[in-house]
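Working notes, structure below.
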Amino acid sequence: MNYLEYHGLEQEPFSNAPVTNYYFNSEQHQKALSKLMFAASNMKGLMVLTGEIGTGKTTLARRMLDNLPEEEYEAALLVIIHAGITAPWLLRRIALQLGVESPAEEKTTLLSQLYQRLVQVYEEGKKAVVLIDEAQMLQTREIMEEFRGLLNLEVPERKLVSFVFFGLPELDENLKLDPPLRQRVALKSTLEPLDAASTEAYMKHRLRLSGAKKMLFTEGAMKVIHRYSRGVPRLINTLSDNALFETFLSRAAVADEKVVEAVAQDLGLKADIEAQERAAAESAAAQGAGAKPTDDAAFDKMLEDLKKG
Ligand SMILES: Nc1ncnc2c1ncn2[C@@H]1O[C@H](COP(=O)(O)OP(=O)(O)O)[C@@H](O)[C@H]1O
Ligand SMILES: [Mg+2]
61 MNYLEYHGLE
71 QEPFSNAPVT
81 NYYFNSEQHQ
91 KALSKLMFAA
101 SNMKGLMVLT
111 GEIGTGKTTL
121 ARRMLDNLPE
131 EEYEAALLVI
141 IHAGITAPWL
151 LRRIALQLGV
161 ESPAEEKTTL
171 LSQLYQRLVQ
181 VYEEGKKAVV
191 LIDEAQMLQT
201 REIMEEFRGL
211 LNLEVPERKL
221 VSFVFFGLPE
231 LDENLKLDPP
241 LRQRVALKST
251 LEPLDAASTE
261 AYMKHRLRLS
271 GAKKMLFTEG
281 AMKVIHRYSR
291 GVPRLINTLS
301 DNALFETFLS
311 RAAVADEKVV
321 EAVAQDLGLK
331 ADIEAQERAA
341 AESAAAQGAG
351 AKPTDDAAFD
361 KMLEDLKKG
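For the sequence shown, my numbering gives the first residue as 61, with consecutive numbering after it.
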């Protein structure tokens, strides 16, 4: 008997594969998505969604693509797979994805093909929206300038193409490579980790979809999972999956706090969180003490702690 059978599950509830049918519309995801959808439908130009690793950016990008109706949008999702990509490669990929049949090698020709295609999309009454995942890997000025060029393509009442960049927080730094592009960011949104209530709802949602007939975690276990994952979905999955496996090994009925604590310890998440919590406490204490530094040594220590925090 494997652990799924043991728990009466038909499928893995906490797989880290980005399976769209497991999508959970958390308050955090819903907020981000509705802002992006609104901006896309108004052809706002450039939109940026950042979030730390595992918060659900790729999941959200796919969801957004699914939500853009074909009759209304010419939409595409492009994933940047490494930081070495060049501006010509990127332009060709965008052209291909938007339906330019044989994109030219030569840049001026390529740009004119792209322009013609965008006008055609516009005349069909559609909006061209290109979603770009792992956008923090766009790291050259040259690439940023190409985006700026494309965003300058307009008909009198609106832009011909909009872009949505999905990426890690350092994406903000990359955008600074090209200040005029940064100024064109029409919407900037951050995907926050789930709060405790959403974490619980997320876990229940996934358990239900994988066929669970009873609740497999205690309330306490879910609280501890929220603490060690900080509400990051990828970590919620890893902790929950391991906890279910350990519960199976010990032939217990439900995953409790103790199992989650042990799993978090093994995964190194416990040490991470404790270090973070300690640093936060110390920096809070240092700020309190630093309000009226009594001598130079205390003041220096406060500066040190602030730097660490
Ligand atoms: N809203 C969501 N609904 C269901 N699963 C999610 C959701 N957000 C994230 N996940 C899960 O968390 C994991 C990490 O999400 P992902 O989109 O890959 O994060 P990111 O791209 O920000 O690193 C994925 O395996 C996915 O299954
Ligand atoms: Mg991703």
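For every residue, glycine included, the Cβ atom is placed at its ideal position computed from N, Cα and C.
These numbers were taken from a predicted model, which means no experiment stands behind them.
Subject >> Ranges of the alpha helix (DSSP H) found wholly within the region 177-214, counting only runs of at least 4 >> reply: The region 177-214 contains these whole alpha helix (DSSP H) runs: 201-211.
Subject >> Option nearest Gln325 by Cα separation, candidates Arg338, Tyr288, Phe308 >> reply: Here the closest residue by C-alpha is Tyr288.
Original post:
Would you say the beta carbon of Thr298 comes nearer than 7 Å to a heavy atom of ligand 2?
Top reply: Outside the cutoff, so no.
Original post:
Hey, would you say the C-beta of His89 is under 7 Å away from at least one heavy atom of ligand 1?
Top reply: His89: yes, Cβ under 7 Å from ligand 1.
Original post:
Considering only residues of the same chain and omitting the five flanking positions on each side of Val215, which have a CB-CB separation below 8 Å?
Top reply: Same-chain partners within the cutoff: Val179, Tyr182.
Original post:
Over what stretch of residues does the alpha helix (DSSP H) that includes Tyr288 continue unbroken?
Top reply: The continuous alpha helix (DSSP H) containing Tyr288 extends over residues 279-289.
Original post:
Using a threshold of 7 Å, is the CB atom of Asp365 nearer than that to any non-hydrogen atom of ligand 2?
Top reply: Checking the Cβ of Asp365 against ligand 2 gives no.
Original post:
How many Å lie between Ser300 and Val320 at the Cα?
Top reply: So the alpha carbons of these two residues sit roughly 8 Å apart.
Subject >> Anticipated Cβ contact below 8 Å, Asp193 with Ala121, distance rounded >> reply: Between Ala121 and Asp193 the Cβ distance is about 5 Å, and since that is below 8 Å, they are a contact.
Subject >> Segment contact flag, the region 164-179 with the region 135-142, C-beta cutoff 8 Å, min 3 pairs >> reply: Segments in contact, no.
Original post:
When you compare each of Met103, Glu279, Glu306, Lys91 to Glu217 by their alpha carbons, which one comes out closest?
Top reply: That would be Met103, whose Cα lies nearest to the Cα of Glu217.
Original post:
Heavy atom of ligand 1 less than 7 Å from the Cβ of Gly291, yes or no?
Top reply: It does not: the Cβ of Gly291 is nowhere closer than 7 Å to a heavy atom of ligand 1.
Subject >> Cβ pair Lys117, Phe226 closer than 8 Å >> reply: Yes, they are a contact pair.
Original post:
If you pair each beta-carbon of the region 236-252 with each one of the region 150-158, do three or more pairs fall below 8 Å?
Top reply: The region 150-158 and the region 236-252 do not touch, with fewer than three beta-carbon pairs separated by less than 8 Å.
Subject >> Rounded C-alpha distance that separates Ala257 from Leu247 >> reply: Roughly 27 Å separates the two Cα atoms.
Original post:
Residue ranges of each alpha helix (DSSP H) run of no fewer than 4 residues wholly in the region 83-167, ordered along the chain?
Top reply: List check, alpha helix (DSSP H) in window: 87-101, 117-127, 147-157.
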